[in-house]
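A.B. asks: Submitted below is the structure of interest, expressed as structure tokens.
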Amino acid sequence: MSTISSSGLSFSGLASGMDTDAMVKAMISGYETKYNNEQKEQLMLDLKLEKYREVNTKVVDFYDDYLRKMRLESTFNSSTTSSSNPDAVEVTGGGKTGDQITITQLAKPINVTTNKVNSDIKSGDTKLSELGFSVLDGIKFTDKDGNETIIGLRELDGKGMIESNKNGVISVETVDDLIDAFADQDISIGFDEETGKFDLTSFNDHNGNASYTISAVKMQEKETQDPTLDSTQYEYVDIEDNTGTTHVDEAEEATNELLGKLGLAGKTTWEVDERSLAKHAKVSKDLHGHTLEINGNSVAIDNTTTMDDIKNILGLEVDEEGYFDVTKMSGIKVTDTATGAEVQNNDIEIALSDMGIEDGYVVQSSRYESVQVGLKEIDGKTTLGDLGVSGSIEIEIDGNSHVIKLDAKKTLEELTEELNKTGLKVEFHDGQDSFSITTDAKSLKIKETETGSLAKLGIQPPTEGKEPVTEDTLLTELGFKIGDVITVEDKYQGTRRIEIVDPSSGGGSTGYQTAATMDDLAGTGFFSFDEKTQTIKLNREDTMTDIKVQSKSQFDKEMDPTRPPKTDAEIEAEHEYTVESLKNLGISKSIVYEDGIPRFEYETSVVGEGDYEYEAQLAKGTYNGMEVESDTNVFKLDGITFVAKKITDDPETKEVEEVVTIDKTIDEEALFETITGFVDAYNTLVDELSAYTDAPYDPKKDSGYTPLLPDEKEGMSDADIELWDEKVDSLLLRDDPNIERLLDSLRYDLMEVYPGNESFKSLGEIGITSSIDYTQQGKLEIDEEKLRAAITKDAEGIKTLFVGDSEKGVDGYAEKMYDGVTELLKSSNTSSSMFLFNDLELEKAITDQQEEIDKAYDNMIAKEEIYQAQFLAMEMAIQEMNSQMNLFNQSAM
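Its first residue numbered 390, the sequence shown is counted upward by one per residue in this note's numbering.
Encoded structure:
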């Protein structure tokens, strides 16, 4: 009952005694009915739009899953295609019986051959500087009696002066030099070039324990210099631990680094034995004379205390790896047993680590194992400087050029990223220490500016199509030009010159030694060539001081006594000519400085390395006599796709070895399933759409069903509400003209007859007819026996019946139905794209209806307020009249 009044209060017949709220409600009932009806109208529009969306989904699914597929020729081409030799040619699509194929060449993509990145030394000639040694390094061997032997990379005389020899100031330069130095001191360490490992067979005893302890020493100036000597005196000294640092033992770290350079791994007692067997190991001498306190328990340690004593006395537990369980420790303290003073320094912390109380077990190595010599570890973080790689590489992919600088600080990860940006597919594999490089390009060129850089990165030259270099290989084939002059400066033989000549000329023009082939070059005595390894060697590298290559014009100008001094540009040009020419022989030339004195240094690698050209190989063959090519082994031609697996016709032979033939058989069962599947889907759609339009309806019982408002649901049970909503839902699209029009369109399309078809002219001819039962709403029926017979008779004719004949401009059943639905799905002023019904119109009607609802509500409230105000005025007037009457009665008394 309404209680609205101008003051916000309701008097509800206080003076008149009438139920004014009920009277107001009765008076506005017509307006309230209008308001409720407007709301129900909007609900009906909402429900109808949602129902249309449901129908639209069903139709579009049929459109996408069946009509779209049934209009394509490929749907009716289900067949079994066989090759007379599937090991040579596999047909994956298309083709027809009688097709003939030959394969003359298989495709091969570019796959750059790689090996490990600079991970091992090649031979005893490997320089120790390549392994990371410095001229200040020294190696100390201490035997079991404490006798020490020092081998330094610089040799000192008895006065501490640096001795000079034929190799300059470096006394130990190569791995072989180091082995000789070991032998001179009766230290038995060999080197196995096949495995790249030092041989410790004689160095270790029969138990595998070393006869010596190895430690690192360094060379430094003597603190006290003899003033009577002209030069600075040096000595090798132990590397001492800086006790000011608590986490690093500098002596141990230097020794471990030294061992890593030598490819030796020091093994500790804990590493040699299983931890469970090490309980009788003695505690480190650094803890002798100290008391260890843990968890309130303490033990005095001397030279008899074992690890097992520590465990038992202190009540410690051992984890699965044999370490003391630090998670159950507290109050760890070490004191001097004699004084009771607490002690903490680097040696004590390391000693505690012996027992696993900190970072692990650390003791002086007394056993050694040999590992492959080279960088201690190579991973993505390794820098190019670590590998000795420098310069840049130039990459050309299908004519597109890229330059990548090989900066010393650049890591392998960063190099990989840059290589990938060029279009190559590059990965660096940490575990294998190598790159993998592939590309889909047809051509790839890789050029290095510094000889040996590609080899150090593990990138190998192409093997396909490259003739190996032999003794008879002409130097001009390697890039030299007739008239080039190689000048060799040697300490003992002075200046020697070699002129590059034509082998048919019989001699040079300068009167110097001549060379036309690799064999001629080796005959000069300065070079030798190994055909097996394809490498060149400098026979007098120790005495050679310079190698220079000049063009004929450069040499003639130098020999002209009247020539002016060379300009800087000419000097630079000659240097570049030398570097490029030596690269043709696999020789790199660089300048190094020892004590500020420059000298030339040479490295050799595979002859001809540096400029790598890779070509992808096309697949080639014939198809029905026509020559065909493909970038890959998959040939995609008009009407057929096949994979070439092996060569069937070697082009080098005159006769065709094998012609692969194709046999194509229609898959009748697959075609039958396709057609029956379409019919089933169509019948299902008809059932579903008919259920909307033919919903049961009784005018006497069902005419009053409209959506329930919240007030109307009050007092109804949930079951009653559900039944009511179902009835409303079922009647939403009953007799809907849009759905009926769609169904009629589909039925008419399937009743079409195509008299122009050469084979089947209607669905009835292949066993598909419309039901004569009107209750079936035009659903299709299949005579399976007749359909199978039609497929066997003419599968191509069935395809035409559904797809049509484009040459004749005739549509098939599926094409016609597809076009009809496509037209309905186009957007319009009243519907969205891919929507069959007037969704836009309904959405607008829903919005407009909200305005009607608001208007009806405003009218209802306005009338209610007017009637309430009028009754309020009446009540107030009656109250005023009653008051006056009371006064009159009182005065009359």
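We put the beta carbon where it would ideally sit given N, CA and C, even for glycine.
Looking at the unbroken beta strand (DSSP E) that takes in Asp879, where does it start and where does it end?
C.D. replies: Counting along the chain, the beta strand (DSSP E) containing Asp879 begins and ends at 874-879.
A.B. asks: Is the region 877-890 touching the region 911-926 in the sense that three or more CB pairs, one from each, lie closer than 8 angstroms?
C.D. replies: Enough Cβ pairs lie closer than 8 angstroms, so yes.
A.B. asks: Rounded to the nearest angstrom, what separates Ile683 and Asn692 at their Cα positions?
C.D. replies: Going from the Cα of Ile683 to the Cα of Asn692 covers about 20 angstroms.
A.B. asks: Determine the closest residue to Arg457 out of Gln1257, Leu1231, Asp1208, Ser1217, with distance taken between C-alpha atoms.
C.D. replies: Nearest option by C-alpha distance: Asp1208.
A.B. asks: Is it right to say Val1290 is buried, meaning 16 or more other beta carbons lie within 10 angstroms of its own, or is it exposed?
C.D. replies: Examination of residue 1290 is not possible in this model, given that the chain is present from 390 through 1282 alone.
A.B. asks: Between which two residues does the beta strand (DSSP E) holding Phe571 run?
C.D. replies: It is not in any beta strand (DSSP E) - Phe571 instead sits in the alpha helix (DSSP H) that spans 564-573.
A.B. asks: Between the Cα of Asp463 and those of Gly868, Asp1076, Asp1056, Val626, spot the shortest distance and give me the residue it belongs to.
C.D. replies: With the sequence shown as reference, residue 463 is identified as Ser, and Asp is not the correct amino acid for it. Closest by alpha carbon: Asp1056.
A.B. asks: Of all the options Pro1088, Ile767, Asp829, Ser1221, which has the alpha carbon lying nearest to the alpha carbon of Gly820?
C.D. replies: Checking every option, the nearest Cα to that of Gly820 belongs to Ile767.
A.B. asks: Applying the 10 Å Cβ sphere with the 16-neighbour rule, what's the burial state of Tyr1012?
C.D. replies: Buried, by the Cβ-count rule.
A.B. asks: Here's the rule: buried if 16 or more other CB atoms are within 10 angstroms of the residue's CB, otherwise exposed. What is Leu1135?
C.D. replies: Buried, because 16 or more other Cβ atoms sit within 10 Å of the Cβ of Leu1135.
A.B. asks: In the DSSP assignment, find the unbroken alpha helix (DSSP H) run with Ala904 in it and report its ends.
C.D. replies: It is not in any alpha helix (DSSP H) - Ala904 instead sits in the beta strand (DSSP E) that spans 902-904.
A.B. asks: Exposed or buried, what is Thr446 when buried is set at 16 or more other beta-carbons lying within 10 Å of its beta-carbon?
C.D. replies: The residue is exposed, with fewer than 16 neighbouring Cβ atoms inside 10 Å.
A.B. asks: Considering Gln494, what are the terminal residues of the beta strand (DSSP E) in which it resides?
C.D. replies: Where Gln494 is concerned, the enclosing beta strand (DSSP E) stretches over 489-494.
A.B. asks: Could you work out which residue in Ile1180, Glu427, Asn1022, Thr800 is closest to Phe1031 when comparing CA atoms only?
C.D. replies: Checking every option, the nearest Cα to that of Phe1031 belongs to Asn1022.
A.B. asks: Under a CB-based cut-off of 9 angstroms, is Gly527 close to chain B?
C.D. replies: Absent here is chain B; the protein component of the structure consists of one chain.
A.B. asks: Return helix, strand or coil for Gln753, following the three-state DSSP convention.
C.D. replies: Any reading at Gln753 needs caution, since the residue's pLDDT is 33, under 50, leaving its predicted position unreliable; the model's value is listed next. In this structure, Gln753 counts as coil in the three-state DSSP scheme.
A.B. asks: Which same chain residues, not among the five before or five after His818, have their C-beta less than 8 angstroms away from its C-beta?
C.D. replies: Around His818: Phe824, Ser825.
A.B. asks: Go through its chain and collect everything with a Cβ distance to Tyr901's Cβ below 6 angstroms, but skip five positions before and after it.
C.D. replies: Excluding residues within five positions, the ones whose Cβ falls inside 6 angstroms are Arg886, Glu888.
A.B. asks: Looking at the unbroken alpha helix (DSSP H) that takes in Ile702, where does it start and where does it end?
C.D. replies: Counting along the chain, the alpha helix (DSSP H) containing Ile702 begins and ends at 696-703.
A.B. asks: Can you tell me whether DSSP reads His964 as helix, strand or coil?
C.D. replies: Three-state result, His964: helix.
A.B. asks: Determine, using beta carbons only, whether Val1075 and Lys1168 come nearer to each other than 9 angstroms.
C.D. replies: The answer is yes: Cβ separation under 9 angstroms.
A.B. asks: At 3 residues or longer, and completely inside the region 1211-1244: list those beta strand (DSSP E) runs for me, N to C.
C.D. replies: Qualifying beta strand (DSSP E) stretches: none in this window.
A.B. asks: Based on the DSSP output, what are the partners of Val778 in its beta bridges?
C.D. replies: Paired residue(s): none; Val778 is not in a bridge.
A.B. asks: If you reduce the DSSP assignment to three classes, tell me which class Val815 lands in.
C.D. replies: Here Val815 sits in strand by DSSP.
A.B. asks: Grab the span of the alpha helix (DSSP H) containing Ala411 for me, first residue to last.
C.D. replies: From DSSP, the alpha helix (DSSP H) with Ala411 extends over 409-416.
A.B. asks: Distance check for Lys937 and Arg929, CA to CA, integer angstroms please.
C.D. replies: Roughly 15 angstroms separates the two Cα atoms.
A.B. asks: DSSP puts Val501 in a beta bridge; with which residues?
C.D. replies: According to DSSP, which records beta bridges pairwise, Val501 is partnered with Ile826.
A.B. asks: Could you spell out the range, first to last residue, of the alpha helix (DSSP H) harbouring Tyr1081?
C.D. replies: Note, Tyr1081: alpha helix (DSSP H), 1057-1082.
A.B. asks: Going by CA-CA distance only, name the one from Thr1181, Asp796, Asp575 that's closest to Leu773.
C.D. replies: Among Thr1181, Asp796, Asp575, the Cα nearest to that of Leu773 is on Asp796.
A.B. asks: By Cβ distance below 8 angstroms, which residues in the same chain neighbour Asn1278 in space, the five residues on each side in sequence not counted?
C.D. replies: Counting only Cβ-Cβ distances below 8 angstroms, and skipping sequence neighbours, we find nothing.
A.B. asks: Which residues in the same chain as Glu1230 place their Cβ atom closer than 6 angstroms to its Cβ, once the five residues preceding and following it in sequence are excluded?
C.D. replies: The answer, listed in chain order, is Thr1219.
A.B. asks: Using the Cα positions of Ser1119 and Arg442, report the straight-line distance between them to the nearest angstrom.
C.D. replies: The alpha-carbon atoms of Ser1119 and Arg442 are separated by roughly 15 angstroms.
A.B. asks: Counting only the same chain and skipping the five closest in sequence on each side, list residues whose C-beta sits under 7 angstroms from that of Glu839.
C.D. replies: These residues qualify, in order along the chain: Ser779, Gly780, Ser977.
A.B. asks: In the DSSP output, what is Tyr623 paired with across the bridge?
C.D. replies: In the DSSP output, where bridge partners are listed per residue, Tyr623 has Glu610.
A.B. asks: Rounded to the nearest angstrom, how far is the Cβ of Met1249 from that of Glu421, given a contact under 8 angstroms?
C.D. replies: With 8 angstroms as the limit, Met1249 and Glu421 qualify as a contact, their Cβ atoms being about 6 angstroms apart.
A.B. asks: How long is the line joining the alpha carbons of Lys814 and Glu1018, rounded to whole angstroms?
C.D. replies: Roughly 24 angstroms between the two C-alpha positions.
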